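**Q** Here it is: the structure, laid out below.
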Amino acid sequence: MRSQVCMLLVAVALLAAVPMAQAQKSARKVDLFTLAPEFARYGVQSVAFLPVATFDGSLDARRQTEAAVGQALRGAGYRWVSPTLTKEWLNRAGGDSLLKALNDQLLKSPRLDSLQAPMFSRICRARALLTVRVDQYERRELEFNQSGRPGTTVSLKASLVDSTGRLLWTAAGSETVEGPFQDPTTNPLGVKASGLNTMPISAQAGAPTYAEVLGKLLARWADQFPAKPAVATPNAGK
Numbered sequence: 001m002r003s004q005v006c007m008l009l010v011a012v013a014l015l016a017a018v019p020m021a022q023a024q025k026s027a028r029k030v031d032l033f034t035l036a037p038e039f040a041r042y043g044v045q046s047v048a049f050l051p052v053a054t055f056d057g058s059l060d061a062r063r064q065t066e067a068a069v070g071q072a073l074r075g076a077g078y079r080w081v082s083p084t085l086t087k088e089w090l091n092r093a094g095g096d097s098l099l100k101a102l103n104d105q106l107l108k109s110p111r112l113d114s115l116q117a118p119m120f121s122r123i124c125r126a127r128a129l130l131t132v133r134v135d136q137y138e139r140r141e142l143e144f145n146q147s148g149r150p151g152t153t154v155s156l157k158a159s160l161v162d163s164t165g166r167l168l169w170t171a172a173g174s175e176t177v178e179g180p181f182q183d184p185t186t187n188p189l190g191v192k193a194s195g196l197n198t199m200p201i202s203a204q205a206g207a208p209t210y211a212e213v214l215g216k217l218l219a220r221w222a223d224q225f226p227a228k229p230a231v232a233t234p235n236a237g238k
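Structural data, given as structure tokens:
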């Protein structure tokens, strides 16, 4: 009787663990968005995409993120000013010190406020400013003798403000993509000497690329990014 009770408790625990594991897995893909209630009334027609901010100064993370965000959001209909062009104009206006000040500000908060937005809007010649910060950019590869799944994680925060610093839209989220399970004991390609032992070497597919992970994350963001409002005409409603 006692053994049956123990088996029942184990079964209940296993059943309870399944939804918990599923919830934890899905929690990694939860994005948070905000949108100004009267966004269309502000009549934003042009957006300057400022250089992406990173905590570690990674040029690869900045470039890949800028390319992926630009690709994902270009269908929103705005006149876009690219990060390459905004960086050039900011460099002309204030040199490296202004670019560093922008990066430092975005590391504190991923948006520009009412004191900063007018200047950046004027320099970049756009009604709105899009800023993006990379919070995590990580690939986890396995050693040749490890079992498990390699993975890649990207976490971003973004904000859209108008030329007065009014907050129009925000996004925050992350995406983790795992590669295929790797087991060096299955169909090993050879062995590697390690001290007194030999270890099997197997073919490894490696962690997914950053482009793949960014694509999955930003596909969700593109659905939530506000489209360009229609321009009111003098005869509208007549």
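For what it's worth, our numbering labels the leading residue of the sequence shown as 1, then goes sequentially. Note that the Cβ used here is the ideal one computed from N, Cα and C, for glycine as well. Since the model is a prediction, treat every value here as computed from it, not as a measurement.
Quick one: what's got a C-beta closer than 6 angstroms to valine 5's C-beta in the same chain, skipping five residues either side?
**A** Note on valine 5: pLDDT 43, under 50, position unreliable in the model; the coordinate value appears next. Answer for valine 5: no residue qualifies.
**Q** Just list the beta strand (DSSP E) runs in the stretch 47 to 110, keeping only unbroken ones of 3 residues or longer that don't cross its boundaries, in chain order.
**A** 79 to 81
**Q** Compute the Euclidean distance between the alpha carbons of proline 229 and proline 180, then round it to the nearest angstrom.
**A** 43 angstroms
**Q** Isoleucine 201 by DSSP, collapsed to three states: which one?
**A** With a pLDDT of 47 at isoleucine 201, under the threshold of 50, the modelled position of that residue is not reliable, and no figure is offered here.
**Q** Along the alpha helix (DSSP H) that carries tyrosine 210, what are the first and last residues, could you check?
**A** 210 to 224
**Q** Could you give the DSSP three-state label for phenylalanine 120: helix, strand or coil?
**A** Helix, per DSSP.
**Q** Taking the alpha-carbon of glycine 215 as reference, which of Arg166, Thr152, Pro226 has the nearest alpha-carbon?
**A** Ranking Arg166, Thr152, Pro226 by Cα distance to glycine 215 puts Thr152 first.
**Q** Run through DSSP, which three-state label would arginine 41 get?
**A** helix
**Q** Identify which residue in Asp223, Arg166, Pro83, Thr131 has its Cα closest to the Cα of leucine 106.
**A** Thr131
**Q** Is it buried or exposed, aspartate 162, if we count other Cβ atoms within 10 angstroms and call 16 or more buried?
**A** buried
**Q** When you compare the CB positions of tyrosine 137 and alanine 219, do they come within less than 7 angstroms of one another, or not?
**A** Not in contact: tyrosine 137 and alanine 219 (Cβ atoms no closer than 7 angstroms).
**Q** Going by C-alpha to C-alpha distance, which of Gly206, Ala211, Arg74, Ser155 sits closest to alanine 53?
**A** Ser155
**Q** Return the chain-ordered list of same chain residues with a C-beta closer than 6 angstroms to the C-beta of proline 83, the five sequence neighbours on each side being excluded.
**A** Phe49, Pro51, Glu66
**Q** So phenylalanine 33 is in the beta strand (DSSP E); what residue range does that whole segment cover?
**A** It spans 32 to 35 - the beta strand (DSSP E) in which phenylalanine 33 sits, taken as one unbroken run.
**Q** So, for aspartate 113: in the same chain, excluding its five sequence neighbours on each side, which residues have a beta-carbon less than 6 angstroms away from its beta-carbon?
**A** Gly165
**Q** Flag this pair as touching only if the stretch 109 to 127 and the stretch 73 to 93 have three or more C-beta atom pairs under 8 angstroms; answer yes or no.
**A** yes
**Q** For alanine 171, collect the residues of the same chain with a Cβ closer than 6 angstroms to its Cβ; drop the 5 residues on either side in sequence, then sort them by chain order.
**A** Phe33, Ala158, Trp221
**Q** Give me the residue from Pro184, Thr176, Leu167 with the minimum Cα distance to proline 37.
**A** Leu167
**Q** Note down, in chain order, each residue of its chain lying with its Cβ closer than 6 angstroms to the Cβ of tyrosine 210, except the 5 sequence neighbours on either side.
**A** Sequence-distant Cβ neighbours of tyrosine 210 in its own chain, meaning closer than 6 angstroms and more than five residues away, are Gln64.
**Q** Taking C-alpha atoms, which residue in Ser174, Thr185, Gly75, Glu141 lies nearest to leucine 217?
**A** Ser174
**Q** Can you give me the Cβ contacts of glycine 94 inside the same chain, cut-off strictly under 8 angstroms, excluding the 5 residues immediately before and after it?
**A** Ala101
**Q** With distance defined between alpha-carbon atoms, name the residue in Asp183, Glu212, Leu142, Ser109 nearest to alanine 68.
**A** Residue Glu212 holds the alpha-carbon nearest to the alpha-carbon of alanine 68 among Asp183, Glu212, Leu142, Ser109.
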